[in-house]
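According to our numbering, the sequence shown is numbered sequentially starting from 38.
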Amino acid sequence: MNNVFSIKRFSSYFLYDLRNAWRNFGLSLLVCGFIPLIAYFLVQLFSYIFEGSFINDATAVRITSLTIALMIVILVAPSKIYGHVTDRRAGKNFALLPASVTEKFVSMMLVLLLVLPVCLLVIFCSTDLLLSVLFPSNYGESLIGLLPQLQEFNREMVMEEGVQINFLGIAVSSWVSSILVMLLGAVCFKKAKVAKTILALILISIVFGILTGFFFDADYLEDLTEKVYNAGPLYIVSALNWFYSIMQALQIAICAGGTFYRLKTIKL
């Protein structure tokens, strides 16, 4: 038997992991997917109570709903689904499951990076589409229907400035890096996982800022900013793209590697 990775053993464990994820976060995921419905009716209710009329543009409601849903899932899901691995009793059960550390890690990645966002988008977009069909004049077009406008905006940017923005790449990399940070906190901290992870991020940002100020003085940063600004939008976007890609890759590699190492060395 392969002690590192067995397809048959992994398949059984992955199905178990999916059931466990649904049991621990399924209801919360449904609520997050229904946030547009909840937010829309609350906004319309208060608008009618205080202004005597309904709003005719729900764009802000949809953007706010999507932001809130993403934040809740990213912040809460990793600790709700996998936070038990640091618990003395549940963690022992997790360690004794018939699967290798590699199989458990791969299953975590699939659940958080593929299954979870797909399920959230399906529920959220279905709710959004239903509202756009039921209330076309007040709610407006669905998010799916707005995708061609985003593509048109990207084409205009290419034609006018020679700049192309990969919105899908930004969205995917942001999801992956953000949720892996919270997963690392979930498997490292035993209590107050979300709060401690956020606090750790703040402290890291402060240290990074201090180090940046130590190695690069104000005159150098001002001169660099001026050079980048004068170089034009194409250069600015290219520089930002490289910086963003490198930082995201480092963050993903560190968090994924840290999570795998934690799973191998966890002691209860």
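Note that the Cβ used here is the ideal one computed from N, Cα and C, for glycine as well.
None of these values were measured; they are calculated from a predicted model.
Endpoints, alpha helix (DSSP H) assigned at residue i
i: Ala58; result: 44 to 70
i: Phe204; result: 204 to 225
i: Leu147; result: 138 to 147
i: Ser102; result: 96 to 119
i: Val130; result: One detail in the question is off: residue 130 reads as Asn in this sequence, not Val. Taken as a continuous stretch (DSSP letters only), the alpha helix (DSSP H) holding Asn130 covers 125 to 133.
i: Asn175; result: 173 to 176
i: Val244; result: 230 to 252
Close Cβ partners of residue i (< 8 Å) along its chain, the five nearest in sequence each way excluded
i: Asn93; result: Ser174, Asn175
i: Thr296; result: Phe142, Met145, Leu217, Leu220, Leu221, Val224
i: Ser81; result: First, the residue type needs correcting, since residue 81 is Gln and not Ser in the sequence shown. Hits under 8 Å: Phe91, Ile92, Asn175.
Residue of the options minimising C-alpha distance to residue i
i: Asp54; options: Gln81, Ile118, Ser65, Lys301; result: Ile118
i: Thr234; options: Ser169, Ser242, Met219, Arg60; result: Met219
i: Cys316; options: Cys292, Ser214, Gln285; result: Here the chain has residues from 38 to 305 only, and residue 316 is not among them.
i: Asn61; options: Val41, Ser179, Gly120; result: Gly120
i: Val148; options: Thr139, Phe51, Ser43, Arg99; result: Phe51
i: Ala95; options: Phe78, Gly128, Lys129, Met108; result: Phe78
i: Val138; options: Asn40, Gln285, Asn278; result: Asn40
i: Ser8; options: Arg126, Phe47, Pro154, Ala127; result: Since the displayed the chain opens at 38 and closes at 305, residue 8 lies outside it and no answer follows.
i: Ala208; options: Arg126, Leu158, Glu178; result: Leu158
i: Leu64; options: Leu287, Ile109, Phe42; result: Ile109
i: Asn130; options: Asn57, Ile243, Ile283, Glu263; result: Asn57
i: Ala106; options: Val122, Cys156, Ala127; result: Cys156
i: Asn278; options: Phe251, Leu184, Phe172, Gly206; result: Gly206
Cβ shell of residue i (< 7 Å), same chain only, five flanking positions each side left out
i: Ala232; result: none
i: Ser84; result: Ser90, Phe91, Ile92
i: Thr164; result: Gly70, Phe71, Pro73, Leu74
i: Arg99; result: Pro73, Asp165, Leu180
i: Val213; result: Leu150, Ile289
i: Leu112; result: Met219, Val231
Same chain, Cβ closer than 6 Å to residue i, five either side skipped, listed in chain order
i: Ile241; result: none
i: Met38; result: The predicted model places Met38 with a pLDDT of 41, which falls under 50 and marks its position as unreliable, so this point remains unresolved.
Would you call the region 133 to 150 in contact with the region 73 to 83, where contact means no fewer than 3 C-beta pairs closer than 8 Å? no
Subject >> Contact the region 230 to 244 vs the region 290 to 302: 3+ CB pairs below 8 Å >> reply: no
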